[in-house]
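I have placed the structure first, in the form of structure tokens, so that the comments after it can refer back to it.
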Amino acid sequence: MVDVVGYRREIPGTQPAHLFPDYKSTVKRAPGKPLIQIPHTLTEVTGPLFGHNKLGPNDADLTKQCAGAPIGERMILSGRVLDGDGKPVPNTLVELWQCNSAGKYHHPVDTHDAPVDPNFTGAGRALTNDKGEYRFVTIRPGEYPWGNHYNAWRPAHIHLSLFGPSYLTRLVTQMYFPGDPLLPLDPIFNCIPDEAARNRLICNFDIETTIPQTALGYKFDIVLRGRAATPMVD
Amino acid sequence: MTKLVPTGSQTVGPYLHVGLTWLTTQDIAGTAGGRRIRVTGKLVDGDGAVVPDAIVEVWQANPMGKYAHPEDKQDKPLDDAFKGWGRCPTDKDGMFEFTTLKPGPVPGPGNSLQAPHLAITIFMRGQLKHLYTRMYFADEAENANDPVLNLVEDRARRDTLIAKKDGEGRYRWDIVLQGKNETVFLDC
Chain A
2 MVDVVGYRRE IPGTQPAHLF PDYKSTVKRA PGKPLIQIPH TLTEVTGPLF
52 GHNKLGPNDA DLTKQCAGAP IGERMILSGR VLDGDGKPVP NTLVELWQCN
102 SAGKYHHPVD THDAPVDPNF TGAGRALTND KGEYRFVTIR PGEYPWGNHY
152 NAWRPAHIHL SLFGPSYLTR LVTQMYFPGD PLLPLDPIFN CIPDEAARNR
202 LICNFDIETT IPQTALGYKF DIVLRGRAAT PMVD
Chain B
6 MTKLVPTGSQ TVGPYLHVGL TWLTTQDIAG TAGGRRIRVT GKLVDGDGAV
56 VPDAIVEVWQ ANPMGKYAHP EDKQDKPLDD AFKGWGRCPT DKDGMFEFTT
106 LKPGPVPGPG NSLQAPHLAI TIFMRGQLKH LYTRMYFADE AENANDPVLN
156 LVEDRARRDT LIAKKDGEGR YRWDIVLQGK NETVFLDC
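From first to last, the protein sequence lines are chains A and B.
Residues in the first sequence are numbered consecutively from 2, following this note's numbering.
Residues in the second sequence are numbered consecutively from 6, following this note's numbering.
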């Protein structure tokens, strides 16, 4: 017999539903039948762990991945990855992707009439340190139009993908910028019903991490799903 | 102790490959010893249209039924070469494929045993949060007693979680997002 300590279930309103018709692509892709709730077993409380061996030297600095400097406003994105009890999550992989400063992704399906920046891949990754901190150097992404509804524009955002310690802590989110006038109009941002939870997707400008003459600092803390109780540690 | 609310999930969007394909891992078996199996499947939406812009991730135990993770304290051998994790973007035909080692049975709640299975996570444009499901193997007698499979009362729905044998060492498992033959998705 193996007893496992499970994870806390979703708090209503703080996560999106699968179906959110304002975001049209959910209509044919969301499950139509109720999900089956399962107990947390050894399968769910374990998960993949990645180490430094996966990372290259400039993976966390998107301004240094190509021959020249990318166009746009440099920024430092840093923050902590925390568990549901507020404890740092060390040595966990954070994957990042975004469009360039003109609002164009380095991707074949992006048909937006905006220039590709040959010096910007838009992809990064980092491991958190032993205090759960991560740090990227990048370019502030632009806004761009999309086909969801008439005159639809995505607010500036950065995609982040995290693993945490288990299969259940997997998280993909988007981080937004303070004061963006497109936020109230964006169905993806607004899919989270709870206003406080929704607003936690907006980063904070931070003068402390701003580098004089060089780059503005933004802070974004990420909270992963928490344990139902504290597991025994050897 | 302060309980923090987890950060809200958001869709990976249509440009997910930019950030995620660097870690594509279709060969989960890698250099580990053991007989390979191949799992192939097609992902389709509520209209039956193929989904060419998804990413499927796999988490699984090794053939002894042990996870490469510190919380698995079972007294069973680990092979350092086998991490048990894979990631595959679907292709233009909505297809995904993994080569791996068949997992062994793992403990379930109480004294139960879980039949060999892959834990699956699915990401795509049009999904505001990822989908969880599982894939079992048609040629495993333990399926009949699996504590998770048995939570699905409808026999036909339960069968959506079971990959069909498709030749020696080959399994076929299609994922239907919505509608007739909809795959069972799990609230984990």
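Using N, Cα and C, we set each Cβ at its ideal position, and we do this for glycine too.
Bear in mind the structure is a predicted one, so any value in this text is a computation, not a measurement.
Discussion item. Counting only Cβ pairs nearer than 9 angstroms, list the residues of chain A close to B/G38.
Written reply: The premise fails here: B/G38 is roughly 20 angstroms from chain A at the closest Cβ pair, so nothing lies under 9 angstroms.
Discussion item. Using C-beta distances below 7 angstroms, list every residue in its chain close to A/N130, excluding the 5 sequence neighbours before and after it, in chain order.
Written reply: Cβ within range, chain order: P91.
Worksheet item: DSSP on A/F190, reduced to helix/strand/coil?
Response: helix
Discussion item. So, does the region 21 to 38 of chain A touch the region 129 to 137 of chain B, judging by three or more C-beta pairs under 8 angstroms?
Written reply: yes
Item to complete: Name the residue from A/L217, A/I159 and A/L169 whose alpha carbon lies nearest to the alpha carbon of A/V46.
Response: A/L169
Worksheet item: Shortest alpha-carbon distance to B/G91 belongs to which of B/G70, B/V63, B/R163 and B/G184?
Response: Considering only alpha carbons, the answer is B/V63.
Item to complete: Inspect the CB distances between the region 173 to 191 of chain A and the region 153 to 162 of chain A and report whether three or more fall short of 8 angstroms.
Response: With a cut-off of 8 angstroms, the region 153 to 162 of chain A and the region 173 to 191 of chain A count as touching, because enough Cβ pairs lie within range.
Worksheet entry | Environment of B/D159 [buried if 16+ CB atoms lie within 10 Å] | By the neighbour-count rule (16 or more Cβ atoms within 10 Å), B/D159 is not buried but exposed.
Item to complete: Can you tell me which of the three DSSP states A/Y8 falls into?
Response: strand
Worksheet item: Are there 16 or more other CB atoms within 10 angstroms of the CB of B/I144, so buried, or fewer, so exposed?
Response: The sequence given here has Asp at residue 144 of chain B, not Ile. Exposed, because fewer than 16 other Cβ atoms sit within 10 Å of the Cβ of B/D144.
Practice prompt. Just mark B/D58 as buried or exposed, buried being the case when its beta carbon has 16 or more other beta carbons within 10 Å.
Written response: buried
Item to complete: Quick one: measure Cβ to Cβ for B/L83 and A/G85, integer angstroms, because I've assumed they're closer than 8 angstroms.
Response: 28 angstroms between Cβ atoms; not a contact.
Practice prompt. Please work out which residues of its chain come closer than 7 angstroms, Cβ to Cβ, to A/D111, disregarding the five sequence neighbours upstream and downstream, and give them in chain order.
Written response: Apart from sequence neighbours up to five positions away, the residues of its chain that approach A/D111 with a beta-carbon distance below 7 angstroms are K105, ordered along the chain.
Worksheet item: Along chain B, which residues have their Cβ under 7 angstroms away from the Cβ of A/P40?
Response: P114
Fill in: CB contact below 9 angstroms: B/R43 versus chain A
no
Worksheet item: Among A/R75, A/R141 and A/C100, which has the Cα closest to the Cα of A/T215?
Response: A/R75
Item to complete: Decide yes or no for the touch test of the region 195 to 204 of chain A against the region 51 to 66 of chain A: beta carbon pairs closer than 8 angstroms, at least 3 of them.
Response: no
Worksheet item: With B/Q15 and A/V173 assumed to form a contact (beta carbons below 8 angstroms), what rounded beta-carbon distance in angstroms separates them?
Response: Going by Cβ atoms, the distance from B/Q15 to A/V173 rounds to 7 angstroms, so yes, they are a contact pair.
Fill in: Minimum Cβ-Cβ distance from A/W154 to chain B less than 9 angstroms
no
Practice prompt. Give the DSSP-derived three-state secondary structure of B/W90 in the structure shown.
Written response: Strand, per DSSP.
Worksheet item: Would the beta-carbon of B/I125 fall within 9 angstroms of that of B/T138?
Response: With respect to B/T138, B/I125 sits close: the two C-beta atoms are nearer than 9 angstroms.
Discussion item. Rounded to whole angstroms, what is the Cα-Cα separation between A/P32 and B/F87?
Written reply: Between A/P32 and B/F87, the C-alpha separation is close to 32 angstroms.
Practice prompt. Run through the region 95 to 178 of chain A for me and flag every whole beta strand (DSSP E) of 3 or more residues, listed as ranges in chain order.
Written response: 124 to 128, 134 to 140, 145 to 147, 153 to 155, 158 to 163 and 172 to 177
Practice prompt. Would you tell me roughly how many angstroms separate the C-alpha atoms of B/Y176 and B/V61, rounded to the nearest one?
Written response: 16 angstroms
Fill in: Interfacial residues, the region 78 to 110 of chain B to chain A, with Cβ spacing under 8 angstroms
K78, Q79, K88, G89 and W90
Worksheet item: Does B/T16 get closer than 9 angstroms to chain A when you measure Cβ to Cβ?
Response: yes
Worksheet item: If you draw a straight line from the alpha carbon of A/K132 to that of A/V82, how long is it in whole angstroms?
Response: 9 angstroms
Worksheet item: Using a beta-carbon distance below 9 angstroms, is A/E96 in contact with chain B?
Response: Among the CB atoms of chain B, one or more fall inside 9 angstroms of the CB of A/E96.
Discussion item. On the CB-based measure, 16 or more other CB atoms within 10 Å of its CB, does A/V6 come out buried or exposed?
Written reply: exposed
Worksheet item: In or out: A/R10 buried (at least 16 other Cβ within 10 Å) or exposed?
Response: For A/R10, the number of other beta carbons within 10 angstroms of its own is below 16, and it is reported as exposed.
Worksheet item: Does any CB atom of chain B fall closer than 9 angstroms to the CB of A/V46?
Response: So, interface residue.
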